[in-house]
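A short write-up of the structure that comes next.
Number of protein chains: 2
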Amino acid sequence: MTAEKKGTVRVGILGLGTVGGGVFKTLHSNRETIRKRTGYEVEVTSILVRDLEKERQFDIDARLLTLYPEDVLNAEYDVLIEVMGGLEPARTVITEALRTGRHVITANKELMAKHGAELLAVAEQSGAHLLFEASVAGGIPVIRMLQGYLTANRVKGISGILNGTCNYILTEMGSTGREYADILEDAKALGYAEADPTSDVEGFDAAYKLAILTNLAYEAEVDLAQIERVGITSLQAADLELAERLGYSIKLIGNARETDDGLQLSVRPRLLPKAHPLANINDVFNAVTIQADVVGELTFSGRGAGEFPTASAVIEDLTALLCGESSIRRPSWKRRISGDAGAKKAQGNAWYLSYCCRPDDVQEIEVKVVESLLTQGAFLNARGEVAQKNGLVRQGWLVGGVSEQELQQTLQTLYKTGANERTAVLLPVEGEIVPGVEWKQQVPSINEALLSVRHAW
Amino acid sequence: MTAEKKGTVRVGILGLGTVGGGVFKTLHSNRETIRKRTGYEVEVTSILVRDLEKERQFDIDARLLTLYPEDVLNAEYDVLIEVMGGLEPARTVITEALRTGRHVITANKELMAKHGAELLAVAEQSGAHLLFEASVAGGIPVIRMLQGYLTANRVKGISGILNGTCNYILTEMGSTGREYADILEDAKALGYAEADPTSDVEGFDAAYKLAILTNLAYEAEVDLAQIERVGITSLQAADLELAERLGYSIKLIGNARETDDGLQLSVRPRLLPKAHPLANINDVFNAVTIQADVVGELTFSGRGAGEFPTASAVIEDLTALLCGESSIRRPSWKRRISGDAGAKKAQGNAWYLSYCCRPDDVQEIEVKVVESLLTQGAFLNARGEVAQKNGLVRQGWLVGGVSEQELQQTLQTLYKTGANERTAVLLPVEGEIVPGVEWKQQVPSINEALLSVRHAW
Numbered sequence: 001m002t003a004e005k006k007g008t009v010r011v012g013i014l015g016l017g018t019v020g021g022g023v024f025k026t027l028h029s030n031r032e033t034i035r036k037r038t039g040y041e042v043e044v045t046s047i048l049v050r051d052l053e054k055e056r057q058f059d060i061d062a063r064l065l066t067l068y069p070e071d072v073l074n075a076e077y078d079v080l081i082e083v084m085g086g087l088e089p090a091r092t093v094i095t096e097a098l099r100t101g102r103h104v105i106t107a108n109k110e111l112m113a114k115h116g117a118e119l120l121a122v123a124e125q126s127g128a129h130l131l132f133e134a135s136v137a138g139g140i141p142v143i144r145m146l147q148g149y150l151t152a153n154r155v156k157g158i159s160g161i162l163n164g165t166c167n168y169i170l171t172e173m174g175s176t177g178r179e180y181a182d183i184l185e186d187a188k189a190l191g192y193a194e195a196d197p198t199s200d201v202e203g204f205d206a207a208y209k210l211a212i213l214t215n216l217a218y219e220a221e222v223d224l225a226q227i228e229r230v231g232i233t234s235l236q237a238a239d240l241e242l243a244e245r246l247g248y249s250i251k252l253i254g255n256a257r258e259t260d261d262g263l264q265l266s267v268r269p270r271l272l273p274k275a276h277p278l279a280n281i282n283d284v285f286n287a288v289t290i291q292a293d294v295v296g297e298l299t300f301s302g303r304g305a306g307e308f309p310t311a312s313a314v315i316e317d318l319t320a321l322l323c324g325e326s327s328i329r330r331p332s333w334k335r336r337i338s339g340d341a342g343a344k345k346a347q348g349n350a351w352y353l354s355y356c357c358r359p360d361d362v363q364e365i366e367v368k369v370v371e372s373l374l375t376q377g378a379f380l381n382a383r384g385e386v387a388q389k390n391g392l393v394r395q396g397w398l399v400g401g402v403s404e405q406e407l408q409q410t411l412q413t414l415y416k417t418g419a420n421e422r423t424a425v426l427l428p429v430e431g432e433i434v435p436g437v438e439w440k441q442q443v444p445s446i447n448e449a450l451l452s453v454r455h456a457w
Numbered sequence: 001m002t003a004e005k006k007g008t009v010r011v012g013i014l015g016l017g018t019v020g021g022g023v024f025k026t027l028h029s030n031r032e033t034i035r036k037r038t039g040y041e042v043e044v045t046s047i048l049v050r051d052l053e054k055e056r057q058f059d060i061d062a063r064l065l066t067l068y069p070e071d072v073l074n075a076e077y078d079v080l081i082e083v084m085g086g087l088e089p090a091r092t093v094i095t096e097a098l099r100t101g102r103h104v105i106t107a108n109k110e111l112m113a114k115h116g117a118e119l120l121a122v123a124e125q126s127g128a129h130l131l132f133e134a135s136v137a138g139g140i141p142v143i144r145m146l147q148g149y150l151t152a153n154r155v156k157g158i159s160g161i162l163n164g165t166c167n168y169i170l171t172e173m174g175s176t177g178r179e180y181a182d183i184l185e186d187a188k189a190l191g192y193a194e195a196d197p198t199s200d201v202e203g204f205d206a207a208y209k210l211a212i213l214t215n216l217a218y219e220a221e222v223d224l225a226q227i228e229r230v231g232i233t234s235l236q237a238a239d240l241e242l243a244e245r246l247g248y249s250i251k252l253i254g255n256a257r258e259t260d261d262g263l264q265l266s267v268r269p270r271l272l273p274k275a276h277p278l279a280n281i282n283d284v285f286n287a288v289t290i291q292a293d294v295v296g297e298l299t300f301s302g303r304g305a306g307e308f309p310t311a312s313a314v315i316e317d318l319t320a321l322l323c324g325e326s327s328i329r330r331p332s333w334k335r336r337i338s339g340d341a342g343a344k345k346a347q348g349n350a351w352y353l354s355y356c357c358r359p360d361d362v363q364e365i366e367v368k369v370v371e372s373l374l375t376q377g378a379f380l381n382a383r384g385e386v387a388q389k390n391g392l393v394r395q396g397w398l399v400g401g402v403s404e405q406e407l408q409q410t411l412q413t414l415y416k417t418g419a420n421e422r423t424a425v426l427l428p429v430e431g432e433i434v435p436g437v438e439w440k441q442q443v444p445s446i447n448e449a450l451l452s453v454r455h456a457w
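First to last, the protein sequences are chains H and L.
Start counting the first sequence at 1; every next residue gets the next number (full-length UniProt numbering).
Start counting the second sequence at 1; every next residue gets the next number (full-length UniProt numbering).
Structure representation (structure tokens):
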């Protein structure tokens, strides 16, 4: 794989934070490998920073640094690397670079999710390439897979753990039994969560990444409003414990699947059976499972964020340009996917339902749940309960053969009977579920049904 | 990604068994996708088969079929697809095709592991490409990753579950408690194992695949004799149960890692802690974890064999050729890696040791084990035992700070004390292990050490 010497490629960089620092250091540390395998020397000509005086953990020529985007654009460069994040000035500077025929490599998921089609069109017009492997799942080459590998294959569905912050929080809640707010503080202290964690914990970040993957897989452009989005803030440690007992993990999953009604897109916490390829992806790791028509199911996992994994994705985009830009395929995000999130609510028929109540109310609420399931033609798969520290009980049910809307109605009834509205949780369950053993015996009356449920547990 | 119409590519196929049938059917079913994305129509011009009269599950023009390799070479073709397996006539036909400038796509791991360098040299000389994604891990694009993605990255280690037959057998032994020979019969009935399973269960098949991955990652050529190879035939269901109790899975792992003594290569059953990315890969699934210097750890998993996953790999090699053969990098397997398996025995210092004995002998053998560990400066992490159906007991130990050779000596002593030599098992353990709680208290005498061990369990 040793390449002939081809010259020098000049690179401008926007941003010298965690990822930018990783890119700069790796261009230095792996210079010889890059030269040997691509034939090119990489020379950094200019770097946009926020603070010229900031102390950095590595040697850098101060003359490369500037506070002004124009300086980067006015320097000599062949490739622009954007690792600053945010919509502006990134959008303007990238547009200008592409317009003048320079290749751009970006790690900016928000920008690609919101303005990807527009930027790709500018690139196509000038003949430049816009690469964005680092925008999704850090160092995991899932974009390369969708864009460069699955060519004869048609993608049928995508499922991913796309946000490391949420995965860390859920993993810790499950393993320690501590609550969301506590773990979030730990995550901030460890640098896994930002001071304002909204984009992560409310699922915006995962939705940007899901949009990018969907755009690539379906050669379309998803409107972010089409993605049903539920964060992790209302989950209780007790839910993770109940799910575990029932044989499931709870993960925040970005999901795109083809249905008879078109493409269904969601980011929401889901119960995954332990044998699911994403069920054992823990801590800050990310993973993506792609379902395709010929190859079946492929899963890629690795570190989804951090200095070097993300820098790796940026630099491998650069080496791809250096090895043969002519063979890089242009994504086409042109066909608009119609509809909105409301119209394409998850059609799954297996659900996890949980709520808190006083121990005294347990039995009455159980009767209501079973009554409601019977009325809706639904069935019960399993049930569990854990005592919470506050003296309340959390009950969790796995139910099937029922829609989310119907279960919302069930919940309304339960609130009147004493279930705590503020702490109710309703999550989709992946995989087939079947009526539990006792349920199958054609329960003739509500009381007997309930009895059999208690018995089964 | 819609490409302009570029013409027709003519394909000859060697073999129309499971994979060949999958290739033929997919070229038909996904013809439109391939045409749209590559610009090419694919036309099959000739197929080498073993039996012209065999009934097939799909429509095929009988005039395409031939019993003679020369017919395939004499037909008009641009690309040769080899999915027949075995060394000959595959090697001769592929050499001839490459010599005359035709691209070749092969799924033949044995051929690539034994004669890859020779065939790649022929390809390089004529300007043709030899592609072999399907030779390792079925539909999982691990070769594409090593060859086309990890360019700035340097690979530091590879671990893989590379044989679906063994993974199926081990998974079933663990979940059902049934023994190897029983499960092997099931695997044969399900089509997961061949009539003669030697190549799979003794680790030859995994060694071929490990050699191919190592050759790519290290730009070298491994001699198969350099790979330490241990199969799964001596494992007992009780070992899987003991490992599970201790928090581990047992998997047949192909492993390449850099050590101070050079590259260490092995295929052998290993204990993986449950959090290891390969520990939860079950049934016939394959997975490969690559450790690289910038990106860290990446894991790819999916179906490692079967009609369509393997056909997918073959056809995606074809689409790679159609999308831009100029950008496909040539692997260089030139530098010989010196040394042999004996010289590079696994240097790990954590081990799982198990043996069968009569219940009456348990205590005496335990004393010997602890005595031996103390003498060797080793330590005990954990211990377990299960009663076997034959009235014997299987004891398993996790020990650290000791070499494999030293433990072999320990085993010799145990045999004299009543441990059954024929059923002893010694496996490397992945991950750090530390002295168990009681062991840490500076055991002053063997008897106390033993007491503390019993206590700890």
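From the three backbone atoms N, C-alpha and C, an ideal C-beta is built for every residue, glycine too.
Computed from a predicted model, the values in this text were never measured in an experiment.
Cβ-based burial, residue i [other Cβ within 10 Å; buried from 16]
i	result
Pro428/H	buried
His276/L	buried
Ser159/L	buried
Tyr192/H	buried
Ala195/L	exposed
Gly12/H	buried
Thr259/H	exposed
Ser372/H	buried
Lys416/H	exposed
Leu380/H	buried
Ala343/H	Bear in mind that a pLDDT of 43 at Ala343/H, under 50, signals an unreliable position, so the number given afterwards is only what the model happens to contain. Looking at its Cβ environment, which holds fewer than 16 other Cβ atoms inside 10 Å, Ala343/H is exposed.
Asp200/H	buried
Ala62/L	exposed
Among the options, nearest to residue i - alpha-carbon criterion
i	options	result
Gly7/L	Tyr40/L, Gly21/L, Leu265/L	Tyr40/L
Asp293/H	Ala217/H, Glu364/H, Ala313/H	Ala217/H
Ala350/L	Ile183/L, Glu110/L, Pro435/L	Pro435/L
Asp274/L	Pro331/H, Pro273/H, Asn282/H, Val267/H	According to the sequence provided, residue 274/L is Lys. The question's Asp does not apply to it. Taking only the C-alpha atoms, the option nearest Lys274/L is Asn282/H.
Gly231/H	Leu213/H, Ala206/H, Leu242/H, Asp239/H	Ala206/H
Gln57/H	Gly139/H, Glu219/H, Arg35/H, Glu307/H	Glu307/H
Leu67/H	Glu82/H, Asp51/H, Val79/H, Glu76/H	Asp51/H
Gln412/L	Ala387/L, Tyr355/L, Gly21/L	Tyr355/L
Ser249/H	Asn74/H, Gly431/H, Arg257/H	Gly431/H
Ser46/H	Leu80/H, Leu146/H, Glu55/H	Leu80/H
Leu263/L	Leu353/L, Asp223/L, Glu110/L, Val402/L	Asp223/L
Asp361/H	Gln409/H, Asn153/H, Asp317/H, Asn420/H	Asn420/H
Enclosing beta strand (DSSP E) for residue i [first to last residue]
i	result
Glu43/H	40–48
Ser249/L	248–259
Gln388/H	Taken as a continuous stretch (DSSP letters only), Gln388/H belongs to no beta strand (DSSP E), as it is neither H nor E.
Residue i beta carbon near the ligand ADP (any heavy atom closer than 7 Å)
i	result
Pro141/H	The ligand ADP is not part of the structure shown, which contains no ligands of any sort.
For residue i, the first and last residue of its enclosing alpha helix (DSSP H)
i	result
Ser29/L	18–29
Val72/L	69–74
His115/H	109–126
Leu322/H	307–324
C-beta neighbour in chain B for residue i, strict 8 Å
i	result
Tyr218/L	In the structure shown, chain B cannot be found, because the protein chains are H and L.
*Output, in sequence order along the chain, the residues in the stretch 309–329 of chain L whose CB is closer than 7 Å to any CB in chain H.*
Pro309, Ala311, Ser312, Ile315, Glu316, Thr319, Cys323, Gly324, Ser326, Ser327, Arg329
_By the 7 Å beta-carbon criterion, what residues does the stretch 23–34 of chain L contribute toward chain H?_
Contact annotation: in the stretch 23–34 of chain L, residues whose CB is within less than 7 Å of a CB in chain H are Thr26, Asn30, Thr33, Ile34.
_At 4 residues or longer, what runs of the alpha helix (DSSP H) sit wholly inside the stretch 143–205 of chain H?_
Counting whole runs of 4 or more residues, the stretch 143–205 of chain H contains the alpha helix (DSSP H) stretches 164–176, 180–189, 198–201.
_Quick check on the DSSP output: what are the complete beta strand (DSSP E) runs of length 3 or more inside the stretch 221–303 of chain H, in order along the chain?_
Counting only runs of 3 or more, we get 248–259, 262–273, 285–292, 296–303.
*Below 7 Å between beta carbons is the criterion; list the residues of the stretch 131–148 of chain H that meet it against any residue of chain L, in chain order.*
Gly139, Ile140, Pro141, Arg144, Met145
*Give the residues from the stretch 289–300 of chain L that approach chain H closer than 8 Å (Cβ to any Cβ), ordered along the chain.*
Ala292, Asp293, Val294, Val295, Gly296, Glu297, Leu298, Thr299, Phe300
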